[in-house]
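Below you'll find the structure, written out as structure tokens, and then a few comments.
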Amino acid sequence: MILILSTPRDFDTQEVIDWLKEKNAVFFRLNDEDLISGNVEFKYNPKKKQDSFFQQNEKKIYLKDIKIAWFRKFGFLKTYEDYFGNKNDLVKYLYSEFAVLRTIILDLLNDKEWLFNKNNMPSKLKVLEVANQCELNIPETIITSTKKELKIFFDSSQNAIISKSLGEGKNLEFEGEIFPFFTQKIESIDTVEDKFSPSFFQKYIDKEYELRIFYIDGEFYSMVIFSQNNPKTVNDFRNYDMENPNRYEPYELPKTIEHKLNKMMNKLGLNTGSIDMIKSISGEYYFLEVNPSGQFGMTALPCNYPLFEATADYLISKSK
796 MILILSTPRD FDTQEVIDWL KEKNAVFFRL NDEDLISGNV EFKYNPKKKQ
846 DSFFQQNEKK IYLKDIKIAW FRKFGFLKTY EDYFGNKNDL VKYLYSEFAV
896 LRTIILDLLN DKEWLFNKNN MPSKLKVLEV ANQCELNIPE TIITSTKKEL
946 KIFFDSSQNA IISKSLGEGK NLEFEGEIFP FFTQKIESID TVEDKFSPSF
996 FQKYIDKEYE LRIFYIDGEF YSMVIFSQNN PKTVNDFRNY DMENPNRYEP
1046 YELPKTIEHK LNKMMNKLGL NTGSIDMIKS ISGEYYFLEV NPSGQFGMTA
1096 LPCNYPLFEA TADYLISKSK
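As structure tokens, this is what we get:
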């Protein structure tokens, strides 16, 4: 039995499920919103953990019968946010309750096979540390909370640095406007306060292009993103220009880079993930980060890669 932990609006999940159906695989999709709304029944007794189950209509799934679990996007209550607003106290409470439920479920499945185990979610800084140990180039990096230290780093970086979130990037809503936390290039620190919250900075790397690489079980599916051709996406391709989108093409990574990436993923205990890299104008490859549950449809479709089928095949192989 395959268990898919997902959310109703995830495109990648549905594409993989279509392949699972094509291959007559036995699976159960558990959406976060179905769980929190009661559309899927969940039974758990700490004295009888082995009898825990999910039930939807007449279909009952005992967690002890799960062979492999796939953690996709499990923890987004977007329908509730749309209805009540993401700052609503009820929505905040539901997220708090869901976090407890998710912890219980992950604990019950801890000894199963996984396609990304949420319990093994390394921090952005830990990933950079391991990438460096595996001899991948990473941009010079600092976390600091003082302008004094930032100036030393800024001067040593030829007066060009970038700032990004320590954790996952979020959107901030303020006075009716949405402010996305994209990577920002900083070319002056004159207006920075003497002291501030600990923040993440890296040396700015002049890049030729960006790379998005989907990794699964030792296989690489790489795509080049020509983000430098558009001033809107020059610092971060996620700042999409819908009217003039970037060009995407299949890409062949050097085998030496694939070997180092594979070593890094194994050391991190990750069997899948969407990897971000850049190639500098000087010809060097730099590792930026990896998202174990990142979107991969954006790589599959432009490059005609069989990623949805490959993911389905992996889940089926581990469910036998």
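Residue numbers (this note's numbering): 796 to 1115. Glycine is no exception: its CB is placed at the ideal position from the N, C-alpha and C atoms. Here the structure is a predicted model, which is why all the values come from computation and not from measurement.
Alpha carbon of residue i to alpha carbon of residue j, nearest angstrom
| i | j | result |
| --- | --- | --- |
| Tyr-1081 | Leu-1096 | 25 angstroms |
| Ser-1017 | Val-922 | 19 angstroms |
| Pro-934 | Gln-850 | 48 angstroms |
| Lys-1074 | Ala-820 | 40 angstroms |
| Asp-829 | Gly-971 | 30 angstroms |
| Ser-1022 | Lys-946 | 29 angstroms |
| Met-1093 | Phe-976 | 20 angstroms |
| Glu-908 | Ile-797 | 10 angstroms |
| Asn-912 | Lys-862 | 13 angstroms |
| Phe-869 | Leu-931 | 31 angstroms |
| Glu-924 | Asn-852 | 47 angstroms |
| Tyr-1046 | Glu-1005 | 11 angstroms |
| Glu-1014 | Lys-1113 | 16 angstroms |
| Asp-1012 | Thr-1067 | 6 angstroms |
| Phe-790 | Asp-807 | The structure shown does not extend to residue 790, since the chain is modelled only from 796 to 1115, so the question has no answer here. |
Simplified DSSP assignment, three categories, for residue i
| i | result |
| --- | --- |
| Thr-898 | helix |
| Tyr-1016 | strand |
| Leu-1092 | Checking the displayed sequence, the identity of residue 1092 turns out to be Gly instead of Leu. Helix, per DSSP. |
| Lys-862 | coil |
| Phe-949 | helix |
| Glu-828 | helix |
| Ile-981 | strand |
| Lys-942 | helix |
| Pro-803 | coil |
| Leu-1110 | helix |
| Pro-1097 | helix |
| Leu-961 | coil |
| Val-835 | coil |
Environment of residue i [buried if 16+ CB atoms lie within 10 Å]
| i | result |
| --- | --- |
| Arg-824 | buried |
| Leu-872 | buried |
| Phe-1103 | buried |
| Ser-1122 | Beyond the ends of the chain as shown, which are 796 and 1115, falls residue 1122; an answer cannot be given. |
| Arg-804 | exposed |
| Arg-1042 | exposed |
| Val-1019 | buried |
| Ile-938 | exposed |
| Thr-1051 | exposed |
| Asp-813 | exposed |
Residues of its chain near residue i, where Cβ-Cβ distance is below 6 angstroms and the 5 sequence neighbours each way are ignored
| i | result |
| --- | --- |
| Met-916 | none |
| Lys-1002 | Ile-1073, Ser-1075 |
Chain-order list of residues whose beta-carbon lies under 8 angstroms from that of residue i (same chain, five-residue window excluded)
| i | result |
| --- | --- |
| Lys-943 | Asp-989 |
Residues near residue i in its chain [Cβ-Cβ closer than 7 angstroms; skip 5 each side]
| i | result |
| --- | --- |
| Gln-997 | Pro-934, Glu-935, Thr-936, Ile-956, Ile-957 |
Any alpha helix (DSSP H) of 4 or more consecutive residues that is wholly inside the stretch 886-936: 919-928
Any alpha helix (DSSP H) of 4 or more consecutive residues that is wholly inside the stretch 1038-1078: 1050-1063
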